[in-house]
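S.K.: Residue numbers (the working numbering): 1 to 577.
Here a beta-carbon is modelled for each residue, glycine too, at the ideal position from N, C-alpha and C.
For reference, the structure I am asking about is given below.
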Amino acid sequence: MVWKFSMHLVSLIFLVIGSLLCLSMSLVSLQNLTSYVIEWELYSLNSSSIVVTLVFDWLSFMFLSFILFISSMVMFYSGEYMSGDKHYNRFMYLVIAFVISMNALIVSPNLISILLGWDGLGLISYVLVIYYQNEKSANAGMLTVLSNRVGDVAILLSIALFFSMGGWNFMVWSLYTNEDMILMKVLIVVAAMTKSAQIPFSAWLPAAMAAPTPVSALVHSSTLVTAGVYLLIRFSPIFEGSLVQSFLLIISCMTMFMAGLGANFEYDLKKIIALSTLSQLGVMLSVLSLGFPDLAFFHLLTHALFKALLFLCAGVVIHSLGDYQDIRMMGGLIVSMPLTGVCMNLSNLSLCGMPFMAGFYSKDLILEVAFMSNINFISFIMYVLATGLTVSYTFRLIFYSLTSVSHINNMSGISDNDFVMTNPMMMLSLSSVLSGASLSWMMFPECYMICLSSFMKGLVLMLLLIGSFIGYILNVMSLNETLNSLSLYFFSSFSGSMWFMPFLSSVKLNYYILSLSKSYDKVGDKGWSEYFGGQGGFSAIMKGSYYLEVTQSSMIKIYMKSFFLWVSIVIIMLVLI
């Protein structure tokens, strides 16, 4: 027990110190507008130098500080959450390896060294998703790793295309872009779409909820899913004025609308939060495709804090309820778990974009910039609907879990007085309130010029009010009135199952391919190729050797027959001559 306690405590101390150092270096770099590049050449190949490059600018320092801070909170929290697990040390080492992989990705401006962190994230995320060794975890892990392999292949193909440019440092080559690089741009966008779970690769993100809750807090807030967004932020100069931007805008708008709609029909607590992450990733990528990478990075940082807090609160609730995740089995938790309820409400309101919370400063600015940009009507409608749906499913979650009538057994002792789990929540709550204003002052010393009509300016607040009303009141009605849900069965099943995407990306995608491969295996490998190949050749050789063995066996009958045969042949030949 001493080792378990010391492990999460030591992790907390070292990671917090590292976070403070990175934050101070980021502020110095931001103030002086300086960057540090460390380069180590391994060898040169056809005038292309293969080098390990590390870049330390305000962007990488800031992201590193946030990741180290969230990791320290999650690892300290895991000290209690995973205390009963017999493989506790293995879990902590895997989380540390995950953080190291993400850090390697952040400080690499070189595609080859980025692949090291990129593949490390994919591999360790698979190991963590299958941590609870059962069939559901195995299926979720396989879906996760195979979806991410598509992005890995895209990165490998990008490395091959970069070879013709004489180097793999994309921060240099992004200054010399042209329309001939369209294939490379598409590959980079596909890689980011798989890692950030955009349509049609969205199915793995809710499936990855099979991992322990501390892993979800780390993976789905600040590490794995944000790797794709961070890659596109680094590549953003290449996409200026490209057709790829329009493609990314449509995909990201569809993703945030689909995720917002699906979360309103979901009853699994962790999957609701995962779908909200998917929706916010769509917001980041959509504003990135409009040409505002700084706003995408701003929202990435604020979202990382309040989403990690929301996952930790969900973990406390699930832990206290004996591993129940169905929100219909909850209710009245604000009475028995007041501290968790307060922290959960803070993160939920920040997610909605409630004024003066962390999410408000980034999300409100993103929506106003998007409304001011030259976007089409469909994208505008999807922005509006996705924002309203976000508020709706958030208040639905608040109603079911915190304020409705309690559905918990009267004998269950639920409380949140475990300081190892509540202290990280309180720290993240503080940062969820203060980080928005602090980051906006640091990152945007000169304000954005927003020119909107009064209606458009007030539209965001109107959406917030309408969404909260619909999300709360409709669920109160659904508990008191009988719903004619069968008449809306297709709509609810279509929306609630992420537009059938998990089904399409697993069963439907694999069924025909596996059927075809079964036929090839039956007719080819185990059929004609065996007849003319391995087994057929083997049987022919065995038959030949059998006849040879028979002829060479010492039987008087065979000797006499062969003697008379040869004598007959000799006599016939003599007669003919």
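Counting C-beta neighbours from all protein chains within 10 Å, is the total for GLU240 16 or more, i.e. buried, or is it exposed?
M.R.: Counting from one through the sequence shown, the residue named residue 240 turns up at place 240. Burial call: exposed.
S.K.: Quick check on the burial criterion: 16 or more other C-beta atoms within 10 angstroms. Buried or exposed for TRP118?
M.R.: Here residue 118 corresponds to residue number 118 of the sequence shown, with the count starting at 1. When all chains shown are included, TRP118 counts as buried.
S.K.: Given SER72, which residues of its chain have a CB within under 6 Å of its CB, disregarding the five upstream and five downstream residues?
M.R.: Looking up residue 72 in the sequence shown gives position 72. Only LEU12, LEU15 and VAL16 meet the Cβ criterion.
S.K.: Within this structure, are the beta carbons of LEU275 and SER252 separated by less than 9 Å?
M.R.: Within the sequence shown, residue 275 is the residue found at index 275, counting from 1. Within the sequence shown, residue 252 is the residue found at index 252, counting from 1. Contact flag unset, no.
S.K.: Which class does TYR36 belong to by DSSP, given the choice of helix, strand or coil?
M.R.: Working through the sequence shown from its first residue, we reach residue 36 at position 36. Three-state result, TYR36: strand.
S.K.: If you reduce the DSSP assignment to three classes, tell me which class PHE56 lands in.
M.R.: Sequence index remark: in the sequence shown, residue 56 carries index 56 (1-based). The answer is strand: DSSP assigns PHE56 an E or B state.
S.K.: THR422: which of GLU39, VAL74 and LEU45 sits nearest, CA to CA?
M.R.: To locate residue 422, count along the sequence shown from 1; it is residue 422. Of the listed residues, the one whose Cα sits closest to THR422 is VAL74.
S.K.: Is DSSP giving SER487 helix, strand or coil here?
M.R.: Here residue 487 corresponds to residue number 487 of the sequence shown, with the count starting at 1. Note on SER487: pLDDT 48, under 50, position unreliable in the model; no value is reported.
S.K.: Using the Cα positions of VAL575 and ILE558, report the straight-line distance between them to the nearest angstrom.
M.R.: Residue mapping note: residue 575 aligns to position 575 of the sequence shown, counting from 1. Residue mapping note: residue 558 aligns to position 558 of the sequence shown, counting from 1. Spanning the two alpha carbons is a distance of roughly 26 Å.
S.K.: Sort LEU300, MET542, LEU434 and TYR511 by Cα distance to GLY228 and report the nearest one.
M.R.: On the sequence shown, residue 228 is found 228 positions in, with the first residue counted as 1. With distances taken between Cα atoms, GLY228 lies closest to LEU300.
S.K.: With H, G and I counted as helix, E and B as strand and the rest as coil, what does DSSP make of SER347?
M.R.: Position 347 of the sequence shown, counted from the start, is the residue given in the question as residue 347. Here SER347 sits in helix by DSSP.
S.K.: Can you list, in chain order, the residues of its chain with a C-beta nearer than 7 Å to that of ASN480? Leave out the 5 residues immediately preceding and following it.
M.R.: Residue numbering aside, residue 480 sits at position 480 when the sequence shown is read from its first letter. In this predicted model, ASN480 has a pLDDT of only 49, less than 50, meaning its place in the structure is not dependable; the value taken from the coordinates is given anyway. For ASN480, where only same-chain residues beyond five positions count, there are no Cβ hits under 7 Å.
S.K.: Beta carbon of VAL384, beta carbon of LEU290: below 9 Å?
M.R.: Looking up residue 384 in the sequence shown gives position 384. Looking up residue 290 in the sequence shown gives position 290. Taking 9 Å as the Cβ cut-off, VAL384 and LEU290 do not qualify as a contacting pair.
S.K.: Give the secondary structure of ILE182 by DSSP, where H, G and I count as helix, E and B as strand, and everything else as coil.
M.R.: Residue numbering aside, residue 182 sits at position 182 when the sequence shown is read from its first letter. Helix at ILE182.
S.K.: Determine, using beta carbons only, whether ILE70 and SER216 come nearer to each other than 9 Å.
M.R.: The sequence position of residue 70 within the sequence shown is 70, counting from 1. The sequence position of residue 216 within the sequence shown is 216, counting from 1. No, these two residues do not count as a Cβ contact at 9 Å.
S.K.: Locate the alpha helix (DSSP H) running through HIS220, then write down its first and last residues.
M.R.: Translated into positions along the sequence shown, residue 220 becomes position 220. Taken as a continuous stretch (DSSP letters only), HIS220 belongs to no alpha helix (DSSP H), as it is neither H nor E.
S.K.: Any idea what DSSP makes of ASN579, helix, strand or coil?
M.R.: Nothing about residue 579 can be read from this structure; the chain reaches only from 1 to 577.
S.K.: For VAL51, list the residues DSSP reports as bridge partners.
M.R.: As a working mapping, residue 51 is identified with position 51 in the sequence shown. According to DSSP, which records beta bridges pairwise, VAL51 is partnered with GLU41.
S.K.: Could you tell me the distance, in whole angstroms, from the CA atom of LEU483 to the CA atom of PRO445?
M.R.: As a first step, residue 483 must be located in the sequence shown, where it is residue number 483. As a first step, residue 445 must be located in the sequence shown, where it is residue number 445. No answer about LEU483 holds up, because its pLDDT of 47 lies below 50 and its placement is not dependable.
S.K.: Per DSSP, what kind of secondary structure is ASP326 in: helix, strand or coil?
M.R.: As a first step, residue 326 is located in the sequence shown; it is residue number 326 there, counting from the start. In the structure shown, ASP326 sits in a strand (DSSP, three-state: E or B).
S.K.: What's the C-alpha gap between CYS313 and ASN348?
M.R.: If you number the sequence shown from 1, residue 313 lands on position 313. If you number the sequence shown from 1, residue 348 lands on position 348. For CYS313 and ASN348, the distance between alpha carbons rounds to 11 Å.
S.K.: Comparing C-alpha positions only, which one of MET425, PHE76, LEU161 and MET62 sits nearest to MET7?
M.R.: Within the sequence shown, the letter at position 7 stands for residue 7. It is PHE76 whose Cα lies nearest to the Cα of MET7.
S.K.: Smallest Cα separation from LEU351: which of ALA203, LEU33, LEU309 and MET181?
M.R.: Residue numbering aside, residue 351 sits at position 351 when the sequence shown is read from its first letter. Checked all of ALA203, LEU33, LEU309 and MET181; the closest Cα to LEU351 is LEU309.
S.K.: Hey, could you find the ends of the alpha helix (DSSP H) ASP364 is sitting in?
M.R.: As a first step, residue 364 must be located in the sequence shown, where it is residue number 364. Element bounds for ASP364: 358–372.
S.K.: Evaluate VAL189 with the Cβ neighbour count: other Cβ atoms within 10 Å of its Cβ, from every protein chain shown; 16 or more gives buried, anything less gives exposed.
M.R.: Taking the sequence shown and counting its residues from 1, one reaches residue 189 at position 189. Result: buried.
S.K.: If contacts are defined as beta-carbon pairs under 8 Å, then SER65 and SER26 qualify, I think. What distance do you get, rounded to the angstrom?
M.R.: Here residue 65 refers to the residue found at position 65 when the sequence shown is read from its first residue. Here residue 26 refers to the residue found at position 26 when the sequence shown is read from its first residue. Right, the Cβ-Cβ distance comes to about 6 Å (below 8 Å), so this counts as a contact.
S.K.: Along the chain, where does the alpha helix (DSSP H) that runs through MET284 open and close?
M.R.: For this step, residue 284 is matched to residue 284 along the sequence shown. Per DSSP, MET284 belongs to the alpha helix (DSSP H) from 269–289.
S.K.: On a CA-only basis, which of LEU116, VAL129 and VAL219 is nearest THR277? Give me that one, please.
M.R.: Here the question's residue 277 lines up with position 277 in the sequence shown. Answer by Cα proximity: VAL219.
S.K.: Are PHE63 and ILE106 closer than 9 Å when you measure CB to CB?
M.R.: As a working mapping, residue 63 is identified with position 63 in the sequence shown. As a working mapping, residue 106 is identified with position 106 in the sequence shown. Yes, these two residues count as a Cβ contact at 9 Å.
S.K.: Could you pull the start and end residues of the alpha helix (DSSP H) that GLY262 belongs to?
M.R.: Working through the sequence shown from its first residue, we reach residue 262 at position 262. It spans 243–263 - the alpha helix (DSSP H) in which GLY262 sits, taken as one unbroken run.
S.K.: Compare the beta carbon distance of SER101 and THR53 with 9 Å and say whether it is the shorter of the two.
M.R.: Within the sequence shown, the letter at position 101 stands for residue 101. Within the sequence shown, the letter at position 53 stands for residue 53. The answer is no: Cβ separation not under 9 Å.
S.K.: Mapping the DSSP letters down to three states, classify MET1 as helix, strand or coil.
M.R.: Indexing the sequence shown from 1 puts residue 1 at position 1. Interpretation of MET1 is limited by its pLDDT of 44, a score under 50 that renders its predicted location unreliable; no figure is taken from the coordinates.
S.K.: I'd like to check one pair, ASN148 with GLY122: are the Cβ atoms closer than 9 Å?
M.R.: As a working mapping, residue 122 is identified with position 122 in the sequence shown. As a working mapping, residue 148 is identified with position 148 in the sequence shown. It is a contact, given that the beta carbons lie within the stated cut-off.
S.K.: Determine the direct distance from the alpha carbon of LYS526 to that of HIS303, and round the result to whole angstroms.
M.R.: Along the sequence shown, read from residue 1 onward, the residue named residue 303 stands at position 303. Along the sequence shown, read from residue 1 onward, the residue named residue 526 stands at position 526. Distance between the alpha carbons of HIS303 and LYS526: 54 Å.
S.K.: My guess is that MET498 and SER19 are in contact by the Cβ rule of under 8 Å, so how many angstroms apart are they, rounded?
M.R.: Walking along the sequence shown from the start, residue 498 turns up at place 498. Walking along the sequence shown from the start, residue 19 turns up at place 19. In fact, because the Cβ distance is near 35 Å, the residues do not count as touching under 8 Å.
S.K.: If you run the structure through DSSP and keep just helix, strand and coil, what is VAL169?
M.R.: Along the sequence shown, read from residue 1 onward, the residue named residue 169 stands at position 169. It is Asn, not Val, that sits at residue 169 in the sequence shown. DSSP places ASN169 in strand when its eight states are reduced to three.
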